[in-house]
Each structure stands twice: as C-alpha cells, then as structure tokens.
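The sequence shown maps to residues 205 to 606 in the working numbering.
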Amino acid sequence: MNLIKKVYCRTYQSVFRCALPLLPYRKPKILNDYEACISLLKEKNISSLLLVSDESIRSLHLTKSLENHLKQNDIQCIIYDKTVANPTSDNVEEARELYIKNSCQAIIGFGGGSCIDCAKAVGARIARPKKSLDKMEGILKVLRKLPLLIAIPTTAGTGSETTLAAVITDSKTRHKYPMNDFSLIPHYAVLDPMVTLSLPAHISATTGMDALTHAIEAYIGRSTTKETRKDALEAVKLIFSNLPKVVENGNDIEARKHMLHASFLAGSAFTKSYVGYVHAVAHSLGGKYNIAHGLANAILLPNVLEVYGKSAYKKLHKLSCTAGLSNDMEDEKTSALKFIQAIKDMQKKFHIPNTIPQIKKEDIEELAAYADKEANPLYPVPKLMDAKQLEKFYIQVMEENK
Numbered sequence: 205m206n207l208i209k210k211v212y213c214r215t216y217q218s219v220f221r222c223a224l225p226l227l228p229y230r231k232p233k234i235l236n237d238y239e240a241c242i243s244l245l246k247e248k249n250i251s252s253l254l255l256v257s258d259e260s261i262r263s264l265h266l267t268k269s270l271e272n273h274l275k276q277n278d279i280q281c282i283i284y285d286k287t288v289a290n291p292t293s294d295n296v297e298e299a300r301e302l303y304i305k306n307s308c309q310a311i312i313g314f315g316g317g318s319c320i321d322c323a324k325a326v327g328a329r330i331a332r333p334k335k336s337l338d339k340m341e342g343i344l345k346v347l348r349k350l351p352l353l354i355a356i357p358t359t360a361g362t363g364s365e366t367t368l369a370a371v372i373t374d375s376k377t378r379h380k381y382p383m384n385d386f387s388l389i390p391h392y393a394v395l396d397p398m399v400t401l402s403l404p405a406h407i408s409a410t411t412g413m414d415a416l417t418h419a420i421e422a423y424i425g426r427s428t429t430k431e432t433r434k435d436a437l438e439a440v441k442l443i444f445s446n447l448p449k450v451v452e453n454g455n456d457i458e459a460r461k462h463m464l465h466a467s468f469l470a471g472s473a474f475t476k477s478y479v480g481y482v483h484a485v486a487h488s489l490g491g492k493y494n495i496a497h498g499l500a501n502a503i504l505l506p507n508v509l510e511v512y513g514k515s516a517y518k519k520l521h522k523l524s525c526t527a528g529l530s531n532d533m534e535d536e537k538t539s540a541l542k543f544i545q546a547i548k549d550m551q552k553k554f555h556i557p558n559t560i561p562q563i564k565k566e567d568i569e570e571l572a573a574y575a576d577k578e579a580n581p582l583y584p585v586p587k588l589m590d591a592k593q594l595e596k597f598y599i600q601v602m603e604e605n606k
C-alpha cells in the first residue's frame, strides 16, 4: 500500500478509535427461553410479528415450539423462510412486503447469521422506506429506530445477534456489502442451547471457526478497548475448550451453551473493534460464489494471520496463552506460530478443506478490489494491504495451486 493511502487509513482509524467512548454501542438484553420472549412481546403489546428464517430451519421443525407458544398467546406469526445462505436484496424486499401486508409490529430473526442479517435489513427498510438497501451500505446510513427486533441464533458462530452489522448480497450484481449502524443491534437475543442441538458436525465446526475469527480479528486490531479485549479473550478460551466437544458430540448441552456464550462475546468484541482482512476476503467470496461465510473464514484465517507476521505476534502470543497453548515465558513469535498451527490442526480435525475450488483466476482482481473497498480504511488491521496485496489470499486457496 502506498504511503498516502496508509496515512489516510491510519488517520481514519485513529479518529474512530478516539470516538469509541462517545458512540452509542449497546449489548442486546439476553433472554434464556421462549417463555421470556412471549412475556416480552405481551408486555410490548405485540399482536403480529414477522419471523425471518430459512427452509432448512423450518424443515428441522426448529421454529415449531416458538410458533406454538405464539399461537397459544394469540400472537400472529407471519413466516418468511426463503432466506438463502448469503441473504440477498430480493430476500429482504420479499420479507418486507409480508411485514407491511400483515401489519406486523416486530421482527424475529431465527437461524444463523444469514437469517438474522436478513431480519436486520428488513427492519432497516421498514425504518427507511424511501431508502434502498444499497444506499445503506457502509457506516451510519440507517439512522432510524427499527421495529422491535429479537434474534434467536441457531448456530454458535456469526454473533449477528449482538452486532451492528448486516451483510447483504445485491441480487443483480452479486456484490456483497456490509451495513453498519447502531440501530441494527437487536434489542433482545434468545440464547437457548436447545435449538443448536440438531446442528450437523460440519456446521458446528465452521460456525464455531467463524466465532473464533471474530474474536481473533477483534483482539489483534488496533481499535480495541478494555471491554472488547476481555470479551475476545474469554471467547477464544471458551471456543478452544468447547468447539471440539460440540463437533464430536452435538448433544453436549453444556458445551453448546458455552459456544453460544462465546459467539455472543466475540460478536460484542468485533461490533466495537471491527474485524480484518479475513472477513473482507470472505465477504467477496460469499457474494461472488455464494460460499458459506463461516467456511470461507475458517479456510482463510491461518493464511491471513501468517501474512500479518510480526505485526500481530505480541497479541497472538496472548491469545495462545489464553487458549492454553503457551505460557507467558515463551518467545512471542514461537507462541504466535503455535497458535496459528493450532488453528490449522482444528481445520484438519474438523475436516475443513484448505481450498476453495469455485475461485476463478480471472475473477481475482475484481474480488480483491471488493475486499479492499470494504476493509480500507475502516478495518484497523495490524498490517495494511491494498487490493494487489490481497490478491495473494485468493491465489493461496485456489484449488489448482495446491
């Protein structure tokens, strides 16, 4: 990256870091079960709501218990279950039409990050009916209070239930972009490990690695606070202790509970301190090829950490100690490399590939440009890279180069 752009990026990030204490960040209030959720809805006099989910969630009957609770309490539940893995602008508009047609008063995002992000974007369109989604790309482009928004995560990974971000893919251009606004933080999050029990091992693995990516990128960035560092460290500790357990035994309710908590903490950390180039590259791949975000993050994470090199060694050493892989007396570089190797070992143990066969060489320049646009100057990464430098990450994971 050239010097002028570096100065611009770091200045932008420094100003943002100084403003952090003044910005209206908040954490969603946690509800532990559906009974608490129903009590809340009745307290708010909600008589009709939109439930945003997807077909796989519905086919597993995961929403059935909530639907029954709502019906028993005379609360109309309008269901939109067409959300795709990388939610599109068409998904958002279809769900929004249902909300308006049925005079809904609240929105529940039920599922993984895609469903919750879709629910957030629907809320944004309700709040800003005259503003298209693409005009809300970036930072603070919503600036309106959303309808009551409740997130019920069925995966322990995205952290979308606690973040100010929603990532949407334009249905026409396939451009995948983030919307970042304080109003997008859900008002409540239902953290019930029972709804995560049916997750297959590979989904548990990739979503867990997604949470790990959030915690790591938030911690090693340059805009951390005492609170975000604490949340990220605790998330890393919980993930290293519990992710292997839930992958091996999906019915381990205690480990599932810890993973939901870890995901919440990691989401809380990165919603303030932001992420890095792992996410920027992964988002471009999700938009272009519809690759699941958690899978893309899991594949890219060790590659990006290696390229950060010495700029991240000190903080990776701390993460390594927190995960129980190293001790304080070890050399920072040795400890950091041990941490990166542990991530690679988890990939192998969880049968996560190290290539993305969908990548086409002729697409790389365009993909890197998208990643550069998303990350710079917003993401306070340890080491700055421009589009040309980011191209190496796509090349590294191309199947033909392995």
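All C-beta atoms, glycine included, are put in the ideal place defined by N, C-alpha and C.
Note down the Cα distance separating D278 from L588, rounded to an integer number of angstroms.
54 angstroms
Nearest residue (CA-CA) to D396, options A436, D237, I389, F444:
D237
Measuring CB to CB, does P586 end up less than 9 angstroms from R433?
no
Which residue wins for smallest C-alpha separation from A500, given the options E239, Q280, R378, I407?
I407
Taking the continuous beta strand (DSSP E) assigned at T417, which residues delimit it?
Per DSSP, T417 belongs to no beta strand (DSSP E); it is in the alpha helix (DSSP H), 405-424.
Once you ignore the five residues that flank A546 on each side, which residues in its own chain have a CB closer than 6 angstroms to its CB?
L529
By the DSSP assignment, the beta strand (DSSP E) with Q280 in it spans what residues?
280-284
Let me confirm a value: G471 is counted as buried when at least 16 other C-beta atoms fall within 10 Å, else exposed. Which label applies?
Burial call: buried.
So, H521 versus E510, is the Cβ gap smaller than 9 angstroms?
no
Please tell me whether K564 has its Cβ less than 9 angstroms away from any Cβ of chain C.
Judged by its chain identifiers, the structure shown contains no chain C, having just a single protein chain.
According to DSSP, simplified to helix, strand and coil, what is T366?
coil
Supposed close pair I356, V399 - CB separation, criterion 8 angstroms:
7 angstroms
Do L266 and S402 have their beta-carbon atoms positioned less than 9 angstroms apart in this structure?
yes
Contact defined as beta carbons within less than 8 angstroms: I believe L505 pairs with V482. What is the distance between those atoms, to the nearest angstrom?
5 angstroms between Cβ atoms; contact.
Please name the residue or residues paired with Y392 in a DSSP beta bridge.
K233, I354
What first and last residue would you give for the alpha helix (DSSP H) that runs through F554?
If you look at F554, you'll find it isn't in any alpha helix (DSSP H); DSSP assigns it neither H nor E.
By Cβ distance below 6 angstroms, which residues in the same chain neighbour Y229 in space, the five residues on each side in sequence not counted?
K476
Selected residue, minimal CA-CA separation from A310, among S260, G316, Y392:
When each option's Cα is compared against that of A310, the closest is Y392.
Taking the CB atoms as reference points, tell me whether T287 and D258 lie closer together than 9 angstroms.
yes
Quick one: Cα of T358 to Cα of A436, how far?
21 angstroms
Which class does N384 belong to by DSSP, given the choice of helix, strand or coil?
strand
Assign G528 to one of three DSSP states: helix, strand, or coil.
Residue state, collapsed to three classes: coil.
Suppose the cutoff is 7 angstroms on Cβ atoms and the five residues either side in sequence are ignored; what does the same chain contact list for Q551 look like?
Short of 7 angstroms from the beta carbon of Q551, and not among the five residues preceding or following it, lie these beta carbons of its own chain, in chain order: A502, N558.
Pick from N494, E271, F314 that is closest to S364, judged by C-alpha positions
Nearest C-alpha to S364 among N494, E271, F314: F314.
Cα-Cα separation between A573 and I250, rounded to whole angstroms:
Using only the alpha carbons, I get a separation of about 44 angstroms.
Who are V288's beta bridge partners in DSSP?
None, per the DSSP bridge assignment.
N- and C-terminal bounds of the beta strand (DSSP E) containing D599
The residue you asked about is not Asp; residue 599 is Ile in the sequence shown. No beta strand (DSSP E) contains I599, which is instead part of the alpha helix (DSSP H) from 591-600.
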